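Comments concern the structure below.
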Amino acid sequence: MQDGMKKKGLLIVLVVLVLVVLLMGLVRKRRKELAGMPPPASFSAVVKVVPVQRGTLNVTVKYLGEIVPVTEYSVASKVTGFIENIFTDEGHRVEKGDILVKIDDREIRSKISSLEARIEATKSNIAALNSKIPGLKSAVNTAKGIFGRNKVLYKNKAIGREELDISKKNYELALSELTATINTISSLKSTVTSIEAEKSSLEVLLSYTRIEAPFSGIVSQRMLSSGDLVVPGKPILKIIAPQDGAKVVVRMSPEDLVKMKIGTPVKLKFNGKVKYSFVSSVYPGTSSNNLGLVNILCKNSPFDLPFHTRLEVELATESVSGMVAPVSCLLRRGDENLVVRVDTKNEAEVLAVDLRGMNETLFCFSNPKIKIGDRLASGRESRLMRIFTGQKVEVVK
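Printed below as a string of structure tokens:
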């Protein structure tokens with residue numbers, strides 16, 4: 171049995187050796203075949219070329235702008251209370267003076283009624299006291315006359331000191347009562363004035379419970395509903411006046427904002443559509459992010475888009491002159507701006523250029539080695555990146 175296993179093992183070893191020898195023979199044969207084959211042809215780039223020209227171009231920057239109405243108003247309450255009714259909704263047209271919102275005014279009306287009752291009661295007291303004035307004045311005059319007569323009689327020793335003092339006391343008491351009554355009437359009148367002022371304030375608040383449309387327009391947004399609690403300043407509705415036009419608002423970095431001025435050309439873009447306009451106003455940054463504002467007035471919303479839609483805005487920042495070429499010739503490699511010049515022998519040379527400015531289609535540059543009329547390779551950046559200096563290229567039209 172052991173002899174059988176040894177024979178089996180030797181057989182396996184022999185088979186493996188035969189396979190190794192055959193494999194090595196195949197490798198040698200393949201090497202000889204590859205050595206006899208011609209080398210592969212080198213990569214030949216196929217490019218279009220564009221001549222360098224002299225020109226002037228408007229350098230532009232791109233931002234996102236927001237379409238907003240020129241006239242937009244947030245309808246808010248000036249009083250705290252619960253909304254009793256809202257008489258309009260989003261998309262509805264309203265006319266100036268229309269009642270938009272009614273706020274529950276029962277508490278204010280109750281306070282006004284209470285103040286009116288106090289005013290009436292106080293005025294009744296004043297009237298009652300005024301009716302006493304004639305009698306009090308008469309009593310004062312009578313007491314004064316008696317006191318004056320008694321002074322003469324006392325001087326002539328016709329009456330005693332006690333009777334004089336009594337007449338004097340009666341006069342002083344009558345005068346004191348008249349003075350007190352007049353002072354009370356004056357105080358009550360001041361109270362009436364104070365209550366009427368408080369009532370007037372409440373009547374003003376009462377008028378605030380009926381919110382009217384400040385101008386004719388369209389309700390663009392509704393934030394609250396009937397039964398909601400409102401506080402002063404909390405928006406309930408938003409109204410816009412489409413007839414007043416629209417504006418595109420662009421928030422811009424300080425370095426670009428300093429190049430903006432009224433009348434700067436602007437290109438508005440949306441879904442392949444283009445509309446030309448100009449800057450109407452420029453405001454420096456005041457917010458924490460220090461972004462400035464550029465406004466572009468429009469007669470109507472651009473492209474009939476809804477308000478608060480965002481669209482691309484291209485703005486001219488300056489004009490530069492020099493050598494120009496299509497942006498399809500420009501390569502960017504890190505911080506370098508490169509072009510591929512193709513000479514008359516169709517040999518490529520990659521050159522760094524000083525980029526002076528660019529817009530959507532052209533760029534302006536300088537390089538002492540490049541002259542007007544020189545040919546630059548044009549195409550996809552990924553293809554141009556594969557070209558190296560000294561490489562032969564195939565130029566196609």
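First residue of the sequence shown: 171, per the numbering used here; consecutive thereafter. Glycine included, every Cβ here is placed at the ideal spot set by N, Cα and C. As the structure is a computational prediction, the values presented were derived from the model and not from experiment.
In the three-state reduction of the DSSP assignment, Ser284 falls in the helix class, which pools H, G and I. Bounds of the alpha helix (DSSP H) holding Ala350 are Arg331 to Tyr378.
Distances from the CA of Asp513 to each of Val219, Leu189, Arg198 and Val185 were compared; the closest alpha carbon is that of Val219. For Thr241, the CB contacts under 6 Å within the same chain, skipping 5 residues up- and downstream, are Ala411 and Asp414 in chain order. The count of Cβ pairs closer than 8 Å, one atom from the region 457-472 and one from the region 495-507, stays below three, leaving the stretches out of contact. Rounded to whole angstroms, Ser244 and Leu270 show a C-alpha spacing of 12 Å. Around the Cβ of Met493, a 10 Å sphere holds 16 or more other Cβ atoms; the residue is buried. Scanning the region 387-425 from its first residue to its last, the whole beta strand (DSSP E) runs of 3-plus residues come out as 387-392, 405-410 and 416-422.
Per DSSP, the continuous alpha helix (DSSP H) segment holding Glu551 begins and ends at Glu551 to Leu554. Annotation for Lys404: Ala246 and Ser247 place their beta carbon closer than 7 Å to its own, counting only its chain and skipping 5 residues before and after. Val362 is not a Cβ neighbour of Lys281, given a cutoff of 8 Å. Exclusion of the five residues before and after Lys445 leaves Leu438 and Pro472 as the residues of its chain whose Cβ lies within less than 6 Å of its Cβ. For a cut-off of 8 Å, the C-beta gap from Gly560 to Glu517 is around 7 Å, short enough to register as a contact. In the DSSP assignment, Thr479 falls outside any beta strand (DSSP E), carrying neither H nor E.
Between the alpha carbons of Ile253 and Thr434 lies a distance of about 47 Å.
DSSP places Lys232 inside the beta strand (DSSP E), whose first and last residues are Gln223 to Pro239. About 26 Å separates the beta carbon of Ala416 from that of Ile256, a gap too long to meet the 8 Å contact definition.
Here the alpha carbons of Leu372 and Leu475 stand approximately 45 Å from one another. Here Pro424 has Gly455, Asn460 and Gly462 as same chain residues with Cβ atoms under 7 Å from its own Cβ, once five neighbours each way along the sequence are excluded. Under the three-state reduction of DSSP, Lys325 is assigned to helix. For Ile542, no beta strand (DSSP E) segment is defined, and its DSSP state is neither H nor E. The alpha carbon of Leu500 has as its nearest neighbour, out of His478, Leu525 and Glu484, the alpha carbon of Leu525.
The alpha-carbon separation between Val520 and Gly195 amounts to approximately 48 Å. Counting only the Cα atoms, Val428 lies some 34 Å from Ile409. Per DSSP, the continuous beta strand (DSSP E) segment holding Met528 begins and ends at Asp524 to Met528.
Relative to the Cα of Lys338, the nearest Cα in the group Asn326, Arg319, Ala328 and Leu348 belongs to Arg319. Leaving aside the five residues that flank Ser396 on each side, the residues in its chain whose CB is nearer than 8 Å to its CB run, in chain order, Ile253, Glu254, Asn255 and Ile256. Pairwise C-beta distances place the region 327-334 out of contact with the region 345-358, as fewer than three of them are shorter than 8 Å.
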